[in-house]
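>
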Amino acid sequence: KLCEGILNILEKDTKTSCQVACLEALRILSRDKKVLVPVTTKRNMQILMRLAKLDTGEDPLERVSEFPVIVEALKCLCNVIFNSAVAQKLSLELNLAAMLCNLLEKCKDQQFVDDIKCFDLRLLFLLSLLHTDIRSQLRQELQGVQVLTQALESSLSVRWTEEYKAAEDRDRPPLSLQETDCAIEALKALFNVTLDSWNVHSKNESHQFRYMAAILRHCLLTTGPTEDKTEELH
């Protein structure tokens with residue numbers, strides 16, 4: 002009942018501070034599988050997706066004041082999908098992976114969106130881990146390898162000297178914590194999406210994997226903010 006009450010409030014047009022507080026409470030509650038039964042309906046998933054700005058539209062992310070709401074809604078969706086098989090099935094029906102890829106596109110060249118990117122990528126990782134049909138959809142329909150490789154490239158701030166050769170800057174400062182976390186989530190999702198890619202048939206696929214290999218090499222030469230984070234990145 003508490004989850005339902007929170008979702009009823011979130012369905013209304015309430016203040017940003019109220020939405021963040023409700024989503025924080027829901028995120029904590031959603032760690033418990035027993036509480037998730039009322040949350041895992043199509044209506045409630047759509048409420049969280051709307052708050053996370055997950056849609057197929059092209060409207061840019063302009064209102065920075067809404068970013069904390071987007072991040073908290075993505076965190077809630079991560080918990081709900083990780084803990085509920087029903088939510089995992091609904092994710093395919095609601096085309097969640099396509100909307101997450103669309104949100105990643107909107108984050109390009111945007112400021113203050115590292116947390117949004119990080120939890121978007123974490124959700125793509127979870128979906129590709131827990132649902133084989135979504136993994137196939139990402140690979141075949143949504144150009145998931147390209148989308149995730151570009152997200153990794155952006156997180157690592159790769160600069161190119163040749164088509165498949167990244168610049169080596171030994172004096173470059175370590176990645177920030179947010180950049181490192183984004184890169185780690187992108188790598189995890191890429192692993193799942195490319196897991197069954199033993200045969201590369203097309204010229205485009207060949208280019209994509211050579212491009213990804215160059216970025217992975219650059220990643221191994223990159224350091225994170227701490228020794229532990231660098232080890233996790235590698």
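So that you can map any letter, position 210 of the sequence shown is 211 in my numbering, and since no number is skipped, the others follow by simple counting. Glycine included, C-beta positions come from ideal geometry on N, C-alpha and C. Here the structure is a predicted model, which is why all the values come from computation and not from measurement.
(1) Would you grab the beta carbon distance between cysteine 77 and arginine 123 for me? Rounded to a whole angstrom, and I think it's under 8 Å.
(2) Name the residue from Asp121, Cys102 and Ile71 whose alpha carbon lies nearest to the alpha carbon of leucine 143.
(3) Check the DSSP bridge columns for glutamate 163 and list the partner residues they point to.
(4) In angstroms with no decimal places, state the Cα-to-Cα distance between isoleucine 117 and alanine 184.
(5) Tell me which residues share the same chain as leucine 49 and place their Cβ nearer than 6 Å to its Cβ, disregarding the 5 neighbours each side in the sequence.
(6) Spell out a yes or no on whether the segment 163-182 and the segment 133-142 are touching, meaning 3 or more CB-CB pairs, one atom from each, closer than 8 Å.
(7) Classify histidine 235 as helix, strand or coil using the three-state DSSP reduction.
(8) Closer than 8 Å is the cut-off here; do at least three beta carbon pairs connect the segment 150-166 with the segment 91-98?
(9) Do alanine 215 and alanine 187 have their beta-carbon atoms positioned less than 8 Å apart in this structure?
(10) From Val87, Glu232 and Thr227, pick the residue whose C-alpha is nearest to that of lysine 35; which is it?
(11) Quick check on the DSSP output: the alpha helix (DSSP H) that includes phenylalanine 83 runs from which residue to which?
(12) Less than 8 Å separating the beta-carbons of alanine 190 and leucine 157?
(13) Glycine 58 to lysine 109, Cα distance in whole Å?
(14) Give me the Cα-Cα distance between leucine 62 and lysine 107, rounded to the nearest whole angstrom.
(15) Out of curiosity, what's the CA-to-CA distance linking leucine 30 and valine 70?
Reading off the structure:
(1) Actually they are not in contact, since the Cβ atoms of cysteine 77 and arginine 123 sit about 12 Å apart, beyond 8 Å.
(2) Cys102
(3) Lys166
(4) 13 Å
(5) Ala74, Cys77 and Leu78
(6) no
(7) coil
(8) no
(9) no
(10) Val87
(11) 68-84
(12) no
(13) 15 Å
(14) 7 Å
(15) 17 Å
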